[in-house]
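Reviewing the structure listed below.
Protein chains: 10
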Amino acid sequence: MDPIMHKAHAADLVNAARIRAGLTWAGLAAAIGAAPVWTTAALLGQHPMTAAQAGVVVEMLGLGDDVAESLQQQPNRGSDPAVMSDPTIYRLMEAMSVYGPALKALIHEEFGDGIMSAINFKADVTRRADPDGDRVVITLDGKFLDYRW
Amino acid sequence: MDPIMHKAHAADLVNAARIRAGLTWAGLAAAIGAAPVWTTAALLGQHPMTAAQAGVVVEMLGLGDDVAESLQQQPNRGSDPAVMSDPTIYRLMEAMSVYGPALKALIHEEFGDGIMSAINFKADVTRRADPDGDRVVITLDGKFLDYRW
Amino acid sequence: MDPIMHKAHAADLVNAARIRAGLTWAGLAAAIGAAPVWTTAALLGQHPMTAAQAGVVVEMLGLGDDVAESLQQQPNRGSDPAVMSDPTIYRLMEAMSVYGPALKALIHEEFGDGIMSAINFKADVTRRADPDGDRVVITLDGKFLDYRW
Amino acid sequence: MDPIMHKAHAADLVNAARIRAGLTWAGLAAAIGAAPVWTTAALLGQHPMTAAQAGVVVEMLGLGDDVAESLQQQPNRGSDPAVMSDPTIYRLMEAMSVYGPALKALIHEEFGDGIMSAINFKADVTRRADPDGDRVVITLDGKFLDYRW
Amino acid sequence: MDPIMHKAHAADLVNAARIRAGLTWAGLAAAIGAAPVWTTAALLGQHPMTAAQAGVVVEMLGLGDDVAESLQQQPNRGSDPAVMSDPTIYRLMEAMSVYGPALKALIHEEFGDGIMSAINFKADVTRRADPDGDRVVITLDGKFLDYRW
Amino acid sequence: MDPIMHKAHAADLVNAARIRAGLTWAGLAAAIGAAPVWTTAALLGQHPMTAAQAGVVVEMLGLGDDVAESLQQQPNRGSDPAVMSDPTIYRLMEAMSVYGPALKALIHEEFGDGIMSAINFKADVTRRADPDGDRVVITLDGKFLDYRW
Amino acid sequence: MDPIMHKAHAADLVNAARIRAGLTWAGLAAAIGAAPVWTTAALLGQHPMTAAQAGVVVEMLGLGDDVAESLQQQPNRGSDPAVMSDPTIYRLMEAMSVYGPALKALIHEEFGDGIMSAINFKADVTRRADPDGDRVVITLDGKFLDYRW
Amino acid sequence: MDPIMHKAHAADLVNAARIRAGLTWAGLAAAIGAAPVWTTAALLGQHPMTAAQAGVVVEMLGLGDDVAESLQQQPNRGSDPAVMSDPTIYRLMEAMSVYGPALKALIHEEFGDGIMSAINFKADVTRRADPDGDRVVITLDGKFLDYRW
Amino acid sequence: MDPIMHKAHAADLVNAARIRAGLTWAGLAAAIGAAPVWTTAALLGQHPMTAAQAGVVVEMLGLGDDVAESLQQQPNRGSDPAVMSDPTIYRLMEAMSVYGPALKALIHEEFGDGIMSAINFKADVTRRADPDGDRVVITLDGKFLDYRW
Amino acid sequence: MDPIMHKAHAADLVNAARIRAGLTWAGLAAAIGAAPVWTTAALLGQHPMTAAQAGVVVEMLGLGDDVAESLQQQPNRGSDPAVMSDPTIYRLMEAMSVYGPALKALIHEEFGDGIMSAINFKADVTRRADPDGDRVVITLDGKFLDYRW
């Protein structure tokens, strides 16, 4: 009896196979008919996939059933703090440190006392052309949940 | 000679006067002709205002020149970690912990090696009606900066 | 213009007046018609009260309008880590450290991938008589939120 | 002479065998006649099992005596902080950060100076149907221990 | 309405008056008929006193009713980590770091799976004459609590 | 040339052999004629053993010379912070957090400015029968060392 | 007898007077004949000034002798970690996190085993015009110190 | 399918081969026609190389295609905090702690509100002869980015 | 009744008076007939002084009885971590991080299993002339304490 | 191509061979003609050795060329914080926490504003006979470096 492959190891194998096959995250997302951010997060270990989704991925990438089994497991979510200091990710954290209290104030002003759900939630990242340099546009879209006793 | 009023104290006074006068952050933003997230962040101490902007704010709120002087100063930016664990703000941090590596992967896939600037950057928060419950939509929009030696 | 009284100071005043008047948290909750855990949390600074609720409290306790104003403000929620190591509170944290992964596994088994909301949420604490020593029974009751993209 | 299998490794093997056999945590609990939260916690490494309990589990799951031996050992209890930031578990921690001081105040009001034991303690998690969405109900039930010199 | 005097401030006043009056902690303990460690801990803010005990203390020390009121309050227990690195206290922590796992193993061997209560608990510190230098003997005496579901 | 076996690995082997042979820590202590807390701490890696002591242990347990060699090495003392949050050990730490400043005050009152040595030190753990439930009694006994320049 | 004014308070007064007088850090540096980075660091509390330097500064800024006395004191050097996360400062830290090991490798390759002194050290910040946007050029210039026993 | 070699392992192999071949970091930089700091950082895992650059390196060093593949991957940037306390690197951090606020003030004075980019950025380290001991001169050169909404 | 003056405040007053009177730490030490490191540490709050020593100091410095009372109190010893990162102090810590394990190995080799006491301990700092630059020589001299059960 | 042996592994092998051969650190130091603290630190991984020194060591200890190669590499210096809490090392840290500010004050008084170098530095540990118990005498001897711009 082997334990189920750790999701971090499955992610390493998916990434290696993806690069060697010349495939993109967006292409994998299209193949399983899911959003790119969701699909990438799932393949990096943050969401469980269905058996069908996992099956498409391992077939496209020439990986084994052990990878497919791993991709379907319930994850422990969240990232190692060391990863969060990578500059590309850190800028997102810095933006929250600078603008978080302002976003909180405006959420309360518009919606009342509550939060934007991070569970009933989706995210997208797109390119917006700009003559001064193209821009990364990240959209965070979550259901408002009011504090309700 | 008094030191310049600390921005946290100015923010407390702005907030108290704003609430007692029945004004919104959005209303203050409209009065100075700036974006709501920028204006709220500036009044909470994260951006310097121009003398004209600060003057409009203190006149609307019946505050003194010491507040206006404070609002114009260069800040030390960032928020106390204790504030970042407020549930409304924490959900943003959690989303970055769950989706940050996926956003990084997709930024690299679309733009190459680089970051979304948090300096040449704007943010917005809006309400999107939804029959299952309205949604908070936060847009982060920053210039792509490639690692360029 | 004075800043709004800090919620920690309002809580100190409410607590002092409550003790000197011989009133209980449960009694204050009954007076405003709200649940005991909600009311106590609100008076300790974790929830905003309505003007009516705050008015009842300050009248019962002989406190001023500045306290009532403070009680109505939107809080930054959460407790100082130093407080969380008080033995009465720490036992709750220890229980989560010992049983948290089991509770997570059982939530997923019963409900699927998601969480118990801490926003659409209520809590209660009661006494249950037991010949071996009475027991504290804490109920946490939150809406299940499934990860839904 | 091999060292005794580490409980984390035993938990991985139990979980893998459980999933591949299509068994639930609740089913394993029923098989050994113990509560679901206790059983799940024990199989994840937080409680020692009796030889009889461990024997039933490894027979149901087709695992070896080395797993059974491991399940009977005295644990070092507690979870890695990284696990505690998983959103499903974090919501429990957040609830304690928001409501912990209120629960402490109400325990003292009802019982006097003391704690809810986390040792003479049991927990349960159930589903409560609700037209606005079913709810997770977690009950923490511990003996009151007064500070007694 | 003044808030109740903070227990740290009451402890500072008790200590100052005690020193200026030439009284010992042991003498205060004898006066209220309680154990020295309990009394000292209570006066330093870790236990609530009864009104009678607090009354004896403030009368002996010439302190006011505000101190007596403070001494009777329910504390948030525990010490600032900075205090725990004082060498006299640190040696106790170091002993636990070196011998804690051995004490745990022997508690389990003698009593089974459980803990020594820190609530139903008493402590004492005495001098034991020794020709090689007198010794500090600290006794920790707590009820065994077995893990009991 | 192999490195000397790490003391944590030796401790795992000692513990496994001890359990499989049905021996107690107290029994091993008696066999080498040393105190139970010292012996258990030494076998868990906190003290070096003499060659004779190590020889008795490995012979009783059927372990190899590599274990005996490891048991004789000078340790780096102290425990991983993760271990210190095990509830059985944590109660000892909590007691120090609650009573540490009181113990310090009483040590100074009785002995003057100094510490209880944690080096010229011994500890014991015993059971004391009590009709309300037997008690764990831990004695810490260290030479007083005065601050002496 | 008043204590000497804390350097952080002196820095606040210097900064307030500087802004109100319309003076620059560079102008203050020129007035005392010292480098801009050194002067600014000294006025912010990181270096002691001579009596002559401090006298020039307080006269230019209309501040009192208490400020001049403070500016001459030996500092405890270093900045609060909260300040180091300001984005303008953080980029310097991030550059060290990304390039620090490379700088170390090249220092060792060119100079041997040793360090760049941060004591026998000077720093400068200048503007370099660039058609793609002007650049900040920071020079760190410290004596090489070889590990020399 | 093997995962792609971890960049830390590739760096270890590059470094071992470089030393055994008697090559310098500067020599490798010259061979690929890139700056020494950039090249060293890239080979230590902080920048992706082009296939051509990686090919030159592995051929010079007699390493395999698996190393070349690793060197081309997008990194997670940043260094382990343990590495940052090496004295050679720590002096750079200390300089930022002592001079960071001064550099920030002078950047704002010369350029306005903004930062020196750490992305559109280059660094160099050179030797400057000095009769009192040669000096390490590190130049940090980044584009100024103004806070621009 | 005032609390006893905090030792940090007494140290600030001693230091201010010392500087204004043009006295040295060494001079104060000579006046009370104690070692310079001991005296300076005591005046900075790390040791209690006798009434006679405190009396000499406050008379030399023109300070009040409240300072003398404070200097005689039992301290909570140790320094704020922020102070330990001052470069002059940090070098001592760095030396311990680099040489600590070697010092430990040599202490064990020469003395056996034990420690250098930090209680029965004295320290000195002297200047040693050297043509390459004078040297700071710090001597740490503590009684060897063997682990003795 | 193998990576160069990690210095921690080389240190483990050196230590094992040293113990089995009955050699002392001091003996190894004498054999290579270097100071005992330097030699021990170098063999534990804190300094690079020359090829000649490394050659003598591996020949005396019967170790391989891979160890000799490792001993010659440039280290990343510093010790794991876990090691620093070993009691023998911790006493050194505690002494710095208690006496560090006093040593700093006396260094400034004797030498002016600057530091004791930890690079141009040597250390020694000796035994001093004392009728009350022999003493460990540690000498830290570093060049004074003044803050020199």
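Protein chains in written order, with my numbering: chain D, 1 to 149; chain F, 1 to 149; chain Y, 1 to 149; chain G, 1 to 149; chain U, 1 to 149; chain C, 1 to 149; chain X, 1 to 149; chain B, 1 to 149; chain W, 1 to 149; chain H, 1 to 149.
Built from N, CA and C at the ideal position, the CB exists for glycine as well.
Mind checking residue i: buried by the 16 CB within 10 Å criterion, or exposed?
i, result
"residue 93 of chain F", "buried"
"residue 135 of chain H", "buried"
"residue 126 of chain B", "exposed"
"residue 141 of chain G", "buried"
"residue 20 of chain G", "exposed"
"residue 82 of chain H", "exposed"
"residue 116 of chain U", "buried"
"residue 62 of chain F", "exposed"
"residue 45 of chain W", "buried"
"residue 30 of chain X", "exposed"
"residue 148 of chain Y", "exposed"
"residue 131 of chain F", "exposed"
"residue 105 of chain W", "buried"
To which residues does DSSP link residue i through a beta bridge?
i, result
"residue 136 of chain H", "W:142 and H:127"
"residue 237 of chain G", "This structure cannot speak to residue 237 of chain G, because chain G is shown only from 1 to 149."
"residue 15 of chain G", "Answer by DSSP bridge pairing: none, since residue 15 of chain G is not bridged."
"residue 120 of chain C", "W:148"
Would you report the Cα separation of residue i and residue j, rounded to the nearest angstrom?
i, j, result
"residue 37 of chain U", "residue 49 of chain U", "13 Å"
"residue 12 of chain F", "residue 97 of chain D", "19 Å"
"residue 77 of chain Y", "residue 4 of chain U", "23 Å"
"residue 74 of chain F", "residue 74 of chain C", "56 Å"
"residue 41 of chain U", "residue 99 of chain C", "6 Å"
"residue 101 of chain C", "residue 35 of chain W", "29 Å"
"residue 28 of chain W", "residue 55 of chain W", "12 Å"
"residue 146 of chain X", "residue 47 of chain H", "12 Å"
"residue 39 of chain C", "residue 114 of chain G", "36 Å"
"residue 129 of chain F", "residue 85 of chain U", "55 Å"
"residue 2 of chain G", "residue 121 of chain G", "35 Å"
What is the DSSP secondary structure of residue i, reduced to helix, strand or coil?
i, result
"residue 107 of chain W", "helix"
"residue 4 of chain D", "coil"
"residue 79 of chain W", "coil"
"residue 85 of chain U", "coil"
Whole beta strand (DSSP E) elements within the segment 21-71 of chain F, 3-residue minimum: none
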